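Numbering (my numbering), first residue to last: 13 to 167. Here a beta-carbon is modelled for each residue, glycine too, at the ideal position from N, C-alpha and C. No experiment lies behind these values; they were computed from the predicted model shown. One structure is given below, encoded as structure tokens.
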């Protein structure tokens, strides 16, 4: 399911049904992104995601400036990017929460740091790289959530 379809409240395709991106419009991201939000949910994907904590089996990132939102949703077989007019979606984080996602503000770091080490491409790694987050001990959406909330004990 595309990020734009998700935001517009469309239902995920039934098992075995092919998702559609009909109606999605491509738009370029505006320079100077000002805010970032990390979103967590169950998502749809490989069977092994069921081994992860419910509600924290998938994550994606939402960037925003005064004019638009850019949703970057790394799926298992592609990364979906959707640009949405902020006037039509003034409070996207709230809308995502209303759809059952856990959404929290996230830092957007752009300082020069050494290149990120090689890691398997997962939704968590994609979100960490978009945010500029150096967290080598974070591998799961639940771990990313805890890191962003400042919860560093793993009890």
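Unbroken beta strand (DSSP E) run spanning residue i, endpoints
{"i": "residue 53", "result": "47-53"}
Continuous alpha helix (DSSP H) stretch holding residue i: start and end
{"i": "residue 153", "result": "153-160"}
Of the listed residues the options, nearest to residue i (C-alpha basis)
{"i": "residue 80", "options": "94, 125, 119, 63", "result": "94"}
{"i": "residue 58", "options": "129, 117, 69, 49", "result": "69"}
{"i": "residue 56", "options": "114, 161, 87", "result": "87"}
{"i": "residue 138", "options": "71, 53, 155", "result": "71"}
{"i": "residue 111", "options": "103, 118, 117", "result": "103"}
{"i": "residue 90", "options": "98, 163, 133", "result": "133"}
{"i": "residue 124", "options": "145, 114, 54", "result": "145"}
{"i": "residue 99", "options": "106, 116, 105, 78", "result": "78"}
Same chain, Cβ closer than 6 angstroms to residue i, five either side skipped, listed in chain order
{"i": "residue 47", "result": "76"}
{"i": "residue 38", "result": "Interpretation of residue 38 is limited by its pLDDT of 26, a score under 50 that renders its predicted location unreliable; the figure taken from the coordinates is listed afterwards. Correct list: empty, nothing qualifies."}
{"i": "residue 154", "result": "65, 68"}
Sequence-distant residues of its chain with Cβ nearer than 7 angstroms to residue i (five each side left out)
{"i": "residue 169", "result": "One cannot answer for residue 169 here, as it falls past the ends of the chain, which runs 13 to 167."}
{"i": "residue 67", "result": "52, 53, 54, 114"}
Rounded Cβ spacing between residue i and residue j (contact assumed at less than 8 angstroms)
{"i": "residue 120", "j": "residue 156", "result": "That pair is no contact at about 15 angstroms."}
{"i": "residue 128", "j": "residue 73", "result": "The Cβ separation is near 15 angstroms, so there is no contact."}
Own chain residues within Cβ distance below 8 angstroms of residue i, not counting five before or after
{"i": "residue 109", "result": "115"}
{"i": "residue 152", "result": "64, 65, 68, 136"}
Ignoring anything shorter than 4 residues, give me the alpha helix (DSSP H) runs that lie fully in the stretch 58-135, in order along the chain.
104-110
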